[in-house]
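S.K.: Okay, handing you the structure first.
2 protein chains.
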Amino acid sequence: MVSPRLADYFAAEAIDGPRVAVDLELVEARYNTLAAAFRGADIFYAIKANPAPEILDRVAALGGCFDCASIGEIELVLSRGVSPNRISFGNTIKKERVIRQAFEYGVRLFAFDSMAELEKLERSAPGASLFCRILAENDSADWPLSRKFGCSVAMAGDLLIEADRRGMDAYGVSFHVGSQQKNPRAWAQALGDVGRLMARLDAAGVGLRMINLGGGMPATYDNSTPTDLLEYGAVVIAAVREQFGTRPLDLIIEPGRGLVGDAGVIQAEVVLVSKKDDSAAPRWVYLDIGKFNGLAETMDEAIRYKIVTLRDGAPEPVVLAGPTCDSVDVMYEKNPYPMPSDLQPGDKVWILGTGAYTTTYSAVAFNGLPPLESVCI
Amino acid sequence: MVSPRLADYFAAEAIDGPRVAVDLELVEARYNTLAAAFRGADIFYAIKANPAPEILDRVAALGGCFDCASIGEIELVLSRGVSPNRISFGNTIKKERVIRQAFEYGVRLFAFDSMAELEKLERSAPGASLFCRILAENDSADWPLSRKFGCSVAMAGDLLIEADRRGMDAYGVSFHVGSQQKNPRAWAQALGDVGRLMARLDAAGVGLRMINLGGGMPATYDNSTPTDLLEYGAVVIAAVREQFGTRPLDLIIEPGRGLVGDAGVIQAEVVLVSKKDDSAAPRWVYLDIGKFNGLAETMDEAIRYKIVTLRDGAPEPVVLAGPTCDSVDVMYEKNPYPMPSDLQPGDKVWILGTGAYTTTYSAVAFNGLPPLESVCI
Numbered sequence: 001m002v003s004p005r006l007a008d009y010f011a012a013e014a015i016d017g018p019r020v021a022v023d024l025e026l027v028e029a030r031y032n033t034l035a036a037a038f039r040g041a042d043i044f045y046a047i048k049a050n051p052a053p054e055i056l057d058r059v060a061a062l063g064g065c066f067d068c069a070s071i072g073e074i075e076l077v078l079s080r081g082v083s084p085n086r087i088s089f090g091n092t093i094k095k096e097r098v099i100r101q102a103f104e105y106g107v108r109l110f111a112f113d114s115m116a117e118l119e120k121l122e123r124s125a126p127g128a129s130l131f132c133r134i135l136a137e138n139d140s141a142d143w144p145l146s147r148k149f150g151c152s153v154a155m156a157g158d159l160l161i162e163a164d165r166r167g168m169d170a171y172g173v174s175f176h177v178g179s180q181q182k183n184p185r186a187w188a189q190a191l192g193d194v195g196r197l198m199a200r201l202d203a204a205g206v207g208l209r210m211i212n213l214g215g216g217m218p219a220t221y222d223n224s225t226p227t228d229l230l231e232y233g234a235v236v237i238a239a240v241r242e243q244f245g246t247r248p249l250d251l252i253i254e255p256g257r258g259l260v261g262d263a264g265v266i267q268a269e270v271v272l273v274s275k276k277d278d279s280a281a282p283r284w285v286y287l288d289i290g291k292f293n294g295l296a297e298t299m300d301e302a303i304r305y306k307i308v309t310l311r312d313g314a315p316e317p318v319v320l321a322g323p324t325c326d327s328v329d330v331m332y333e334k335n336p337y338p339m340p341s342d343l344q345p346g347d348k349v350w351i352l353g354t355g356a357y358t359t360t361y362s363a364v365a366f367n368g369l370p371p372l373e374s375v376c377i
Numbered sequence: 001m002v003s004p005r006l007a008d009y010f011a012a013e014a015i016d017g018p019r020v021a022v023d024l025e026l027v028e029a030r031y032n033t034l035a036a037a038f039r040g041a042d043i044f045y046a047i048k049a050n051p052a053p054e055i056l057d058r059v060a061a062l063g064g065c066f067d068c069a070s071i072g073e074i075e076l077v078l079s080r081g082v083s084p085n086r087i088s089f090g091n092t093i094k095k096e097r098v099i100r101q102a103f104e105y106g107v108r109l110f111a112f113d114s115m116a117e118l119e120k121l122e123r124s125a126p127g128a129s130l131f132c133r134i135l136a137e138n139d140s141a142d143w144p145l146s147r148k149f150g151c152s153v154a155m156a157g158d159l160l161i162e163a164d165r166r167g168m169d170a171y172g173v174s175f176h177v178g179s180q181q182k183n184p185r186a187w188a189q190a191l192g193d194v195g196r197l198m199a200r201l202d203a204a205g206v207g208l209r210m211i212n213l214g215g216g217m218p219a220t221y222d223n224s225t226p227t228d229l230l231e232y233g234a235v236v237i238a239a240v241r242e243q244f245g246t247r248p249l250d251l252i253i254e255p256g257r258g259l260v261g262d263a264g265v266i267q268a269e270v271v272l273v274s275k276k277d278d279s280a281a282p283r284w285v286y287l288d289i290g291k292f293n294g295l296a297e298t299m300d301e302a303i304r305y306k307i308v309t310l311r312d313g314a315p316e317p318v319v320l321a322g323p324t325c326d327s328v329d330v331m332y333e334k335n336p337y338p339m340p341s342d343l344q345p346g347d348k349v350w351i352l353g354t355g356a357y358t359t360t361y362s363a364v365a366f367n368g369l370p371p372l373e374s375v376c377i
């Protein structure tokens, strides 16, 4: 389950603290699978998942585009020699001076979901192409996206008509079914909303030309069934065709986790195995990595990683915790994690599927611990 | 509610992103209040709350000691010229090579709560002074400490007797009633456990000489009544005397939040105010700071900060969210936060009581955003 290249890397290196290694060949293979599965869609890599320069370079070389959440991410992508017309500023929450900076860099594709944001864009990115994000249901996602982004379909229609009236390019609409979405049918429901919205806008003389299908393509975790991306793509693209027939449409997907999650493995170390009393309650296993130096997505035990060791003792459920003096730094307690009964302090463990949402999420120095080290091979 | 020095600072500086400023005079005043309230106890500042060098220097100059959670924190304190005999290695979860390094630096005071940790300490910090952490109830704390640290009183007795047998200095016992503990009586309950433990150890010929009362002294937040530290100290010290009479005992307190929380204020900016639809549902207010660049303790809406603005519109409840593309980056949604009805993008806001657990908790670069800037004045 650890790729041969990653296994060789970890075997060859003497590593003191936790470190994630990303196999760029796995990233490339996954990119090609996504491109084949979502045939006809442009891939905008959501770089917040893992902005390692080597990953950006690989995606750029494969012809990919980039979904950026901040001016910092935009500057990072531009610094790799990527043209600004391959960048989408996908955050609906932007300071006006940041919009202006991005526009000056040459970025012409922006997300929005509110009148206040449209007013900023009209002033500071005149004539740019806009897509409006609508709220989508995402009950079957492991990392649901709540109502923070997007507006109602009715409001999106009003906003896009207003954008057109103000001389902006009312380009399209976006939605996000939730990160780590386990049901490919989740896209079809949102596409129905998009269809109604486009019909209304067509009648108003504002013909949208793009649908941004967002991310949500899952990585492989312990509590996920293995993902057949080809099935995901087939279901989603069929839903688009069912809704829109042969209408010419630019399609965008924004994989983050789905592109790089499975390509990364963290090597960590067991610091302590202990009991709290003489009862039969589960043992506690403390690793040198936890919620604050790489495993933030174990919050509320949302993401359950696969963990492997070299021990062959019978698996016993343990409470799995991180190394800090913060008691919320516990990864799995409500659902204890099976670990070999002969696990010892000093043992190495490998945490799989950790290529996404681990490095940049790390705390700067919480408890004096350094952020997660990262390499790409 | 913003100290005059902090108000002057923010008025004089042109600040682009969110920034926390800590008033060192407030830190000093709070230190002196704690010293008076917990008269006779040594103050070990829990530097994980805020390891800014200027704060360490001020605490050192006031005669304080330091509770460290990692070798990184120990090296930071030593780098300020502090003697290692003023350092406690308070984390019960330590790699053995880290214990050895601390011991080589001259640190002689270590926490533990398990047999496996005692074995490491015996090998790598021979003869050092140990205190065993026991589990304490902490139901009335805003940031409870769960069962991650500490062991049962019975196990602590066994461990301390065994430590003595192995030639270690079985020095004392520690407990923690939970961070931001709202009831000073919480200490009395744990002290009863400590009393029973000491009686057992006295009978075994292992006379403990120290009680580490931990932290838990609260800072002032929006959902906390103002704290009279003198009352806290009086109640806790009285409980010690009631339990132990005139027995000579070293007392340690480990304030973190209680020392620096109220001394810090974050200046942030409103990025967007928007609605999701035309309903009467609360508006959303997005700041340029959120869970991942400073306000981690709003997790589960645990800590509710006071926020002030220059607007005087009638307060209306809003959903308050951060700037990232992660939908868990929402501070207050279950309990919407009252904000002026005339709040606008670009407005400054000041978030009070943010001197603790904001800077080091920040993500390295999540969504390409820099970590929280920090200054001490």
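Here the protein sequences come in this chain order: A and B.
Heads up: the first sequence begins at 1 in full-length UniProt numbering, then just goes up one per residue.
Heads up: the second sequence begins at 1 in full-length UniProt numbering, then just goes up one per residue.
Backbone N, C-alpha and C define an ideal beta-carbon position, used for all residues, glycine too.
Keep in mind it's a predicted model, so treat the numbers as computed, not measured.
At a Cβ cut of 9 Å, what residues of the segment 243-265 of chain B count as close to chain A, listed as they run along the chain?
M.R.: Those residues of the segment 243-265 of chain B that come within reach of chain A (Cβ to Cβ, closer than 9 Å) do not exist; the list is empty.
S.K.: Restricting to runs no shorter than 3 residues, where is the beta strand (DSSP E) found entirely within the segment 211-292 of chain B?
M.R.: Qualifying beta strand (DSSP E) stretches, in chain order: 250-253, 264-274, 284-287.
S.K.: How far does the alpha helix (DSSP H) with T33 of chain B in it extend, from its first residue to its last?
M.R.: Your numbering for residue 33 of chain B matches position 33 in the second sequence. Per DSSP, T33 of chain B belongs to the alpha helix (DSSP H) from 24-37.
S.K.: Name the chain A residues that come within less than 9 Å of residue 391 of chain B, Cβ to Cβ?
M.R.: The structure shown does not extend to residue 391 of chain B, since chain B spans only 1 to 377, so no value can be given for it.
S.K.: Counting contacts by CB-CB distance shorter than 8 Å, is K306 of chain B in contact with chain A?
M.R.: Here residue 306 of chain B refers to the residue found at position 306 when the second sequence is read from its first residue. No, K306 of chain B does not count as interfacial toward chain A.
S.K.: Since V318 of chain B contacts W350 of chain B with CB under 8 Å, what's their CB separation in whole angstroms?
M.R.: Numbered from its first residue, the second sequence carries residue 318 of chain B at position 318. Numbered from its first residue, the second sequence carries residue 350 of chain B at position 350. Actually they are not in contact, since the Cβ atoms of V318 of chain B and W350 of chain B sit about 17 Å apart, beyond 8 Å.
S.K.: Taking 6 Å as the limit between beta carbons, can you name the residues of its chain near M339 of chain B, skipping five residues before and five after?
M.R.: For this step, residue 339 of chain B is matched to residue 339 along the second sequence. Cβ within range, chain order: V285, V318.
S.K.: Against chain B, with Cβ distances strictly below 8 Å, would C151 of chain A count as a contact?
M.R.: Taking the first residue of the first sequence as 1, we reach residue 151 of chain A at position 151. Chain B, which has a Cβ nearer than 8 Å to the Cβ of C151 of chain A, makes this yes.
S.K.: Answer yes or no: the CB of A14 of chain B versus the heavy atoms of the ligand ADP, is any distance below 7 Å?
M.R.: Looking at this structure, you won't find the ligand ADP or any other ligand, since it has none at all.
S.K.: Which whole runs of the alpha helix (DSSP H) in the segment 66-129 of chain B are 4 residues long or more, in chain order?
M.R.: If we require 4 residues or more, the alpha helix (DSSP H) runs fully inside the segment 66-129 of chain B come out as 71-79, 96-105, 115-124.
S.K.: In angstroms with no decimal places, state the Cα-to-Cα distance between V27 of chain B and I55 of chain A.
M.R.: As a first step, residue 27 of chain B is located in the second sequence; it is residue number 27 there, counting from the start. As a first step, residue 55 of chain A is located in the first sequence; it is residue number 55 there, counting from the start. Approximately 44 Å, taken between the alpha carbons.
S.K.: Say whether chain D places a C-beta atom closer than 8 Å to the C-beta of M299 of chain A.
M.R.: This model lacks chain D altogether; the protein chains it does include are A and B.
S.K.: Can you say whether S88 of chain A is buried or exposed, counting buried as having 16 or more other CB atoms within 10 angstroms of its CB?
M.R.: The residue you call residue 88 of chain A lines up with position 88 of the first sequence. Burial call: buried.
S.K.: Using a 10 Å radius around the Cβ and a threshold of 16 neighbouring Cβ atoms, would you call K291 of chain A buried or exposed?
M.R.: Walking along the first sequence from the start, residue 291 of chain A turns up at place 291. Classification for K291 of chain A: buried.
S.K.: Rank A:M210, A:E301, A:A238 by C-alpha distance to the C-alpha of E110 of chain A and give the top, closest one.
M.R.: As a position in the first sequence, residue 110 of chain A is number 110, starting the count at 1. For the sequence presented, residue 110 of chain A should be read as Phe rather than Glu. Here the closest residue by C-alpha is A:M210.
S.K.: To the nearest whole angstrom, what separates the beta carbons of M217 of chain A and G258 of chain A, a pair I think is in contact under 8 Å?
M.R.: The residue labelled residue 217 of chain A in the question sits at position 217 within the first sequence. The residue labelled residue 258 of chain A in the question sits at position 258 within the first sequence. Rounded, the Cβ-Cβ distance is 3 Å, consistent with contact.
S.K.: Any C-beta of chain B sitting closer than 8 Å to the C-beta of residue 434 of chain A?
M.R.: Outside the shown range of chain A, which is 1 to 377, sits residue 434 of chain A, and nothing can be said about it.
S.K.: For V59 of chain B, I'd like the list of residues in its chain whose CB is within less than 6 Å of its CB, leaving aside the five on either flank, ordered along the chain.
M.R.: Numbered from its first residue, the second sequence carries residue 59 of chain B at position 59. If we look at V59 of chain B and ignore the five residues flanking it on each side, its Cβ neighbours are Y45.
S.K.: Is L352 of chain A closer than 8 Å to Y305 of chain A when the C-beta atoms are compared?
M.R.: Residue 305 of chain A sits at position 305 when you count from the first residue of the first sequence. Residue 352 of chain A sits at position 352 when you count from the first residue of the first sequence. Yes; because the gap between Cβ atoms is below 8 Å, this pair is in contact.
S.K.: Taking only the alpha-carbon atoms, compute the straight-line gap between L213 of chain B and G355 of chain A and give it to the nearest angstrom.
M.R.: Locating residue 213 of chain B in the second sequence gives position 213, where the first residue counts as 1. Locating residue 355 of chain A in the first sequence gives position 355, where the first residue counts as 1. One C-alpha to the other measures close to 41 Å.
S.K.: Out of curiosity, what's the CA-to-CA distance linking L208 of chain B and G233 of chain B?
M.R.: Taking the second sequence and counting its residues from 1, one reaches residue 208 of chain B at position 208. Taking the second sequence and counting its residues from 1, one reaches residue 233 of chain B at position 233. Approximately 22 Å, taken between the alpha carbons.
S.K.: Taking CB distances under 8 Å as the criterion, tell me whether G355 of chain B reaches chain A.
M.R.: Along the second sequence, read from residue 1 onward, the residue named residue 355 of chain B stands at position 355. No - not a single Cβ of chain A is within 8 Å of the one on G355 of chain B.
S.K.: State buried or exposed for T246 of chain B, treating a residue as buried only when at least 16 other CB atoms are found within 10 Å of its CB.
M.R.: Start at 1 with the first residue of the second sequence, and residue 246 of chain B comes out as number 246. It is exposed - the Cβ of T246 of chain B has fewer than 16 other Cβ atoms within 10 Å.
S.K.: Over what stretch of residues does the beta strand (DSSP E) that includes L352 of chain B continue unbroken?
M.R.: Taking the second sequence and counting its residues from 1, one reaches residue 352 of chain B at position 352. From DSSP, the beta strand (DSSP E) with L352 of chain B extends over 348-352.
S.K.: Beta-carbon separation of D57 of chain B and D250 of chain B under 8 Å?
M.R.: Here residue 57 of chain B corresponds to residue number 57 of the second sequence, with the count starting at 1. Here residue 250 of chain B corresponds to residue number 250 of the second sequence, with the count starting at 1. No. Outside cutoff.
S.K.: Give the residues of chain B in contact with M339 of chain A, contact being defined as C-beta atoms less than 7 Å apart.
M.R.: Translated into positions along the first sequence, residue 339 of chain A becomes position 339. None at all; the shortest Cβ gap to chain B is about 15 Å.
S.K.: Determine the DSSP secondary structure at N367 of chain A, reduced to helix, strand or coil.
M.R.: Against the first sequence, residue 367 of chain A aligns to sequence position 367. Three-state DSSP puts N367 of chain A in a helix.
S.K.: By the criterion of Cβ-Cβ separation under 9 Å, what are the contact partners of E13 of chain B in chain A?
M.R.: Within the second sequence, numbered from 1, the residue matching residue 13 of chain B stands at position 13. In chain order: nothing, as chain A lies at least about 17 Å away.
S.K.: Quick one: what's got a C-beta closer than 7 Å to G64 of chain B's C-beta in the same chain, skipping five residues either side?
M.R.: If you number the second sequence from 1, residue 64 of chain B lands on position 64. Only Y31, I43, Y45 meet the Cβ criterion.
S.K.: What residues of chain A sit near V271 of chain B, judged by a beta carbon separation below 8 Å?
M.R.: Position 271 of the second sequence, counting from 1, holds the residue named residue 271 of chain B. Ordered by position in chain A, the residues that pass the 8 Å Cβ test against V271 of chain B are I93, K94, K95.
S.K.: Under 8 Å between beta-carbons, which chain B residues line up against W79 of chain A? List them in chain order, please.
M.R.: Position 79 of the first sequence, counted from the start, is the residue given in the question as residue 79 of chain A. Correcting the residue type first, residue 79 of chain A is Ser in the shown sequence and not Trp. Within chain B, no residue comes near S79 of chain A; the closest Cβ sits about 12 Å away, beyond 8 Å.
S.K.: For E117 of chain A, decide whether its Cβ has a neighbour in chain B, counting only Cβ atoms nearer than 8 Å.
M.R.: Start at 1 with the first residue of the first sequence, and residue 117 of chain A comes out as number 117. Chain B contact via Cβ: present.
S.K.: So, with DSSP's three-state summary, where would you put M155 of chain B?
M.R.: Taking the second sequence and counting its residues from 1, one reaches residue 155 of chain B at position 155. It is helical.
S.K.: Using DSSP's beta-bridge definition, name the partner residues of L320 of chain B.
M.R.: As a first step, residue 320 of chain B is located in the second sequence; it is residue number 320 there, counting from the start. Its beta-bridge partners are B:V285, B:Y332.
S.K.: Name the DSSP bridge partner or partners of S374 of chain B?
M.R.: Start at 1 with the first residue of the second sequence, and residue 374 of chain B comes out as number 374. Paired residues: B:V20.
S.K.: Work out the CA separation of P282 of chain B and V20 of chain B for me, nearest whole Å.
M.R.: Here residue 20 of chain B refers to the residue found at position 20 of the second sequence. Here residue 282 of chain B refers to the residue found at position 282 of the second sequence. Cα-Cα distance, rounded: 28 Å.
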